[in-house]
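Here the structure is laid out as structure tokens; the discussion comes afterwards.
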Amino acid sequence: MLDMTDVYSFYGSSPVLQNVSFAVPRGSLLSVLGRNGVGKTTLMRTVMGLTDRVTGRIGLGGSDIRGEPTHRRAGLGIGYVPQGRGIVGKFTIRENILMGSFARPDGKREIPPLVFEMFPYLRDNLNRKGGDLSGGQQQQLAIARALAANPQVLLLDEPTEGIQPNIVEQIQTVIMTLNRQYGITVVLVEQNVRFARQASNLFLMLDKGRVAAHGPTESLTDDLVHRHMAV
Ligand SMILES: Nc1ncnc2c1ncn2[C@@H]1O[C@H](COP(=O)(O)OP(=O)(O)OP(=O)(O)O)[C@@H](O)[C@H]1O
Numbered sequence: 001m002l003d004m005t006d007v008y009s010f011y012g013s014s015p016v017l018q019n020v021s022f023a024v025p026r027g028s029l030l031s032v033l034g035r036n037g038v039g040k041t042t043l044m045r046t047v048m049g050l051t052d053r054v055t056g057r058i059g060l061g062g063s064d065i066r067g068e069p070t071h072r073r074a075g076l077g078i079g080y081v082p083q084g085r086g087i088v089g090k091f092t093i094r095e096n097i098l099m100g101s102f103a104r105p106d107g108k109r110e111i112p113p114l115v116f117e118m119f120p121y122l123r124d125n126l127n128r129k130g131g132d133l134s135g136g137q138q139q140q141l142a143i144a145r146a147l148a149a150n151p152q153v154l155l156l157d158e159p160t161e162g163i164q165p166n167i168v169e170q171i172q173t174v175i176m177t178l179n180r181q182y183g184i185t186v187v188l189v190e191q192n193v194r195f196a197r198q199a200s201n202l203f204l205m206l207d208k209g210r211v212a213a214h215g216p217t218e219s220l221t222d223d224l225v226h227r228h229m230a231v
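Reminder that position 151 of the sequence shown reads as 151 in UniProt numbering, one-by-one numbering, no gaps.
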């Protein structure tokens, strides 16, 4: 479904990602792990075409999308929920969600039923301003906005970071439901190893911009976690 082969990704002349290769088959959930600053966010931005320069191959459903502009990648079915969420505070919940629908290739500007199913709070508060929501509600809204484009692949960058504990569990359940019940392929940047193990069937451990380990989640040993994640 989504893969990288020998990818180098640059900010200016610095190659932040180096020689990165991995594959995420359709329906999988890949956890991207590693310490702060190793390149996890850069990996997501590279998939979306948001870094300065990339070499190597980025495959989506068998085609190389490396040369495609960001909006085309969104239109081809990649949804992105960035770290920090990117909610427009002055827009209502409805308007924030509808922004995501502009990536839909069929031109429809509507909120898919799945969004209301996943997030009853958003359904019941469509006219509230994004800026008046709690961090957890904003995170739900950011996921809802990405779902409004009917993505096949969802990129989630630390979706539970800085969120009150009672909503963390709800968001974790939504992520697993989207993957397991709705078949959406997920790439998840995650610091919580316990949740990564519970949710994903694949992992990718980054260290200093390179792949330190990659494989089925059963092979994510405590030793790997200590070596590449402990401070
Ligand atoms: N826009 C940018 N311009 C230049 N360098 C950047 C930019 N964004 C990130 N970097 C550098 O790239 C490296 C990787 O950063 P990145 O944010 O991808 O790491 P990360 O693993 O996601 O970290 P965190 O867990 O803190 O979010 C860091 O050295 C960072 O300083």
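Where a beta carbon is used, it is the ideal one built from N, C-alpha and C, also for glycine.
Remember, predicted model here, so these are calculated numbers, not experimental data.
Backbone CA spacing between residue i and residue j [nearest angstrom]
i, j, result
"PHE195", "MET176", "10 angstroms"
"ASN150", "ASP157", "18 angstroms"
"PRO120", "GLY135", "16 angstroms"
"SER21", "MET4", "5 angstroms"
"ARG85", "ARG145", "10 angstroms"
"VAL187", "ARG94", "26 angstroms"
"GLN152", "PRO105", "13 angstroms"
"LEU154", "LEU224", "26 angstroms"
"ARG128", "VAL211", "42 angstroms"
"ARG53", "LEU98", "30 angstroms"
"THR217", "LEU206", "14 angstroms"
"THR92", "GLY130", "5 angstroms"
"VAL115", "GLY89", "20 angstroms"
"LEU76", "GLY61", "10 angstroms"
"LYS40", "ASP64", "21 angstroms"
"GLN140", "ASN125", "13 angstroms"
The beta strand (DSSP E) enclosing residue i, as first and last residue numbers
i, result
"GLY59", "53 to 60"
"ASP157", "153 to 157"
"ALA142", "Unbroken run through ALA142 is the alpha helix (DSSP H), 135 to 147; no beta strand (DSSP E)."
Residue-chain proximity (residue i, chain D), Cβ-Cβ < 8 angstroms
i, result
"VAL186", "Reference to chain D is not applicable here, since this structure consists of a single protein chain."
Residue i, buried or exposed, once every other Cβ within 10 Å from all chains shown has been counted against 16
i, result
"LYS108", "exposed"
"ALA230", "exposed"
"PRO25", "exposed"
"ASN179", "buried"
"PHE203", "buried"
"ASN96", "buried"
"GLN198", "exposed"
"THR173", "exposed"
"ARG227", "exposed"
N- and C-terminal bounds of the alpha helix (DSSP H) containing residue i
i, result
"ARG26", "Neither: ARG26 is in no alpha helix (DSSP H) and is coded neither H nor E."
"THR173", "165 to 180"
- Task: Considering only heavy atoms of ligand 1, list every residue whose Cβ is less than 5 angstroms from one of them, following chain order.
- Result: TYR11, VAL16, ASN36, GLY37, VAL38, GLY39, LYS40, THR41 and THR42
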